Amino acid sequence: MNSPNQEFDLGGIEVTPSNLLNQANIWDDSATVIGHIALEADRSRCLCDPGIFGQAVIPYNQACDFISGLCQKGQSEMSKIADALRISHDVYLKTEQEITSKILRLGI
30 MNSPNQEFDL GGIEVTPSNL LNQANIWDDS ATVIGHIALE ADRSRCLCDP GIFGQAVIPY
90 NQACDFISGL CQKGQSEMSK IADALRISHD VYLKTEQEIT SKILRLGI
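Our numbering applies: residue 30 is where the sequence shown begins, and numbers increase by one.
What follows is the structure in structure tokens.
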């Protein structure tokens, strides 16, 4: 059976399954960072009564909410990318095992 570092040639595109896992980890790490940014943006909101500073505080809070929302969406999408990369890794390995098994059964 081939190692997890086996390279596959897909019409000029080379894929190394172990690199898929490395990339998935990078996307997970990025999702974690952007999640922390979302939390910090949310914590940055001014929760006091803005009083006479309402014209400044209200747009500031809206900007914090907007940034937090975008970062949360980014975190979700980055996690989906990481999941897709892991699924791709698993499919590559499973396919390789199935092909190897079939070849061995045929005695080739």
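Cβ atoms here follow ideal geometry from the backbone N, Cα and C, with glycine treated the same way.
Every value quoted in this text rests on a predicted model; they were computed, and no experiment measured them.
- Under the three-state reduction of DSSP output, Ser-73 falls in the coil class, being neither helix nor strand.
- By the criterion of a C-beta distance shorter than 6 angstroms, Gln-91 is surrounded by no residue of its chain, once the five residues flanking it on both sides are discounted.
- A residue is called buried when at least 16 other Cβ atoms come within 10 angstroms of its Cβ; Ile-132 does not meet this threshold and is exposed.
- Between Leu-49 and His-118, the gap from beta carbon to beta carbon is short of 7 angstroms.
- Secondary structure of Thr-45 (DSSP, three-state): coil.
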